[in-house]
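Residue numbers (the numbering used here): 134 to 308. Every residue gets a Cβ at the ideal spot worked out from N, C-alpha and C, and that includes glycine. None of these values were measured; they are calculated from a predicted model. These notes are about the structure you will find just below.
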Amino acid sequence: MIGKAMQDALNEQIKHEMGSMYLYLSMSAYFNAEGMDGMAHWMRMQAMEEEIHAMKFFDHIKDRDGRVILQALEQPKSEWASPLDAFKAAYEHEQFITGKINDLVKLSREENDNAAFSMLQWFVEEQVEEEASVSKVIQMLKLAGDNGYALLMIDKELSMRQPPAATQQPAEGGE
Ligand code: OFO
C-alpha cells in the first residue's frame with residue numbers, strides 16, 4: 134500500500150500533468166487562431182501525452198490501494214506574443230515539471246518507496262525528451278526569425294507529429 138506522503142505528492146503531480154495538458158491545449162487553440170495549424174496540431178498531441186502522464190500517476194496510486202483525489206486546475210494563459218514566445222513558455226514549463234519529478238524522486242528515497250522510485254525513473258527519462266523536443270522547435274523558430282516562408286515550413290513539419298502510442302488502456306479487470 135502507498136504511504137500518505139507519497140500519495141499526497143502523486144495526487145499533486147496529477148494536477149501538474151493535467152495542468153500541462155490544459156496549458157498545451159490552450160497553446161493549441163492560440164495557434165489555431167493564428168492560422169498555424171501545424172503548431173496547433175503539435176500542441177494538441179503534446180496535450181494528449183500529458184493526459185497519459187497524469188494517468189500513469191493515477192494508476193500507480195490506484196494499483197497500490199491508494200486514493201486518487203483530483204484537484205482544481207488553474208485557468209491557463211490564452212495569448213502569447215509569437216510562436217517563439219509560446220514555445221519558450223512551454224520550455225520553461227517543462228523545466229518546472231522536471232523539478233517536480235526530481236522532488237518526487239527525492240521523496241521516494243526518503244520514504245524508502247521503491248515502487249514509486251522505480252515508476253519515477255520512466256518520468257526522469259521522459260523529461261529529458263520533453264525538454265529536448267521543445268528546445269528543438271525553439272531553435273528552428275529562432276533560425277526562422279520573421280521569415281514567413283520559414284515559419285510556414287516549420288508549421289508544416291510540426292503538423293507531422295504522430296499521436297502518442299499509449300493512448301489505449303485495457304478496461305478495468307480485462308486484458
Ligand atoms: Fe508530463 O511532461 Fe510535459 O509537462
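Straight across, the Cα-Cα distance linking Ala166 with Gln204 is about 29 Å. Relative to ligand 1, Ser292 has its C-beta separated by 7 Å or more from all heavy atoms. Annotation: the continuous alpha helix (DSSP H) that includes Glu262 extends over Asn247 to Ala277.
Inter-residue distance for Gly232 and Lys269 is about 20 Å (C-alpha atoms, whole angstroms). A direct Cα-to-Cα measurement between Asn247 and Met139 gives close to 11 Å.
The C-beta separation of Leu158 from Ala180 comes to about 4 Å, placing the pair in contact by the 8 Å criterion. Taking the Cα positions, Asp141 is about 33 Å away from Tyr163. Taking one beta carbon from each stretch, the stretch 239–257 and the stretch 265–280 have fewer than 3 pairs nearer than 8 Å; the two do not touch.
Under the three-state reduction of DSSP, Trp175 is assigned to helix. When C-beta atoms of the stretch 251–259 are compared with those of the stretch 211–219, fewer than three pairs fall below 8 Å, so the two segments do not count as touching. In the structure shown, Ser292 adopts coil according to DSSP, grouped into three states. In its chain, beyond the 5 residues on either side, Trp213 have a beta carbon closer than 7 Å to the beta carbon of Ala222. Nearest C-alpha to Lys195 among Ile135, His226, Ile185 and Gln228: Ile135. Secondary structure note for Gln140: its alpha helix (DSSP H) is the uninterrupted segment Lys137 to Ala166. Non-local C-beta neighbours of Glu150 in its own chain, meaning closer than 6 Å and more than five positions away in sequence, comprise Glu183, His186 and Ala187, ordered along the chain. Rounded to whole angstroms, the separation of the alpha carbons of Asn144 and His193 is 10 Å. For Pro296, the closest alpha carbon among the candidates Arg177, Lys148, Lys189 and Met172 is that of Arg177.
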